Amino acid sequence: MRSTGRFTILVIGEVDDLTSEIKGAWAAAHIDLLGPYTADAIINGQTLSYTAAIIDVRYDAEIMLRLTQELEEKGTPFLFYVPQTLARQEAGPYVLSAHPRDIRNIVSGLTAQQGGTFH
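When the letters of the sequence shown are read in order and numbered with UniProt numbering, they come out as residues 1 to 119.
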């Protein structure tokens, strides 16, 4: 699904992944974060409008497979993220945090899937 105006990223993960600090930093970068929503809500057809998606890497393989199939069918770029609370404990290229570097890394990874542009 595509949104008009700002870049809107669907966050598929746990409620505590998205703090007010993180939301504020992304909003300051002119990016809307939608969610977080559970994987079940997305798989069961919740109607939402978004440009791209990021998925919590902690979901089990079966759920991730269903999510990625759903997003690929819609032509939606997606990445997997490591929550900020785990970033220091586990290695991962995409960290959902308030840090500008992490915001740029996620946006760059998503826009690269669309030829470097977003709507």
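Cβ atoms here follow ideal geometry from the backbone N, Cα and C, with glycine treated the same way.
Computed from a predicted structure; not experimentally measured.
Look at the Cβ atom of residue i, then the Cβ atom of residue j, and state whether they are nearer than 7 Å.
i, j, result
"Phe7", "Thr51", "yes"
"Leu48", "Ile9", "no"
"Leu96", "Tyr81", "yes"
"Ile54", "Val107", "no"
"Asp17", "Pro83", "yes"
Here's the rule: buried if 16 or more other CB atoms are within 10 angstroms of the residue's CB, otherwise exposed. What is residue i?
i, result
"residue 121", "Outside the shown range of the chain, which is 1 to 119, sits residue 121, and nothing can be said about it."
"Leu67", "buried"
"Thr76", "buried"
"Gly45", "exposed"
"residue 124", "The chain is shown from 1 up to 119; residue 124 falls before or after that span and cannot be answered."
"Leu110", "buried"
To the nearest whole angstrom, what separates the beta carbons of residue i and residue j, a pair I think is in contact under 8 Å?
i, j, result
"Asp56", "Glu21", "Not quite, the Cβ-Cβ distance comes to about 18 Å (not below 8 Å), so this is no contact."
message: Below 8 Å, how does it come out for the segment 25–34 and the segment 91–102: are there three or more Cβ pairs, yes or no?
response: yes
task: Output the residue ranges of the beta strand (DSSP E) runs that lie fully inside the segment 8–69 and measure 3 residues or longer, sorted by chain position.
output: 31–37, 52–56
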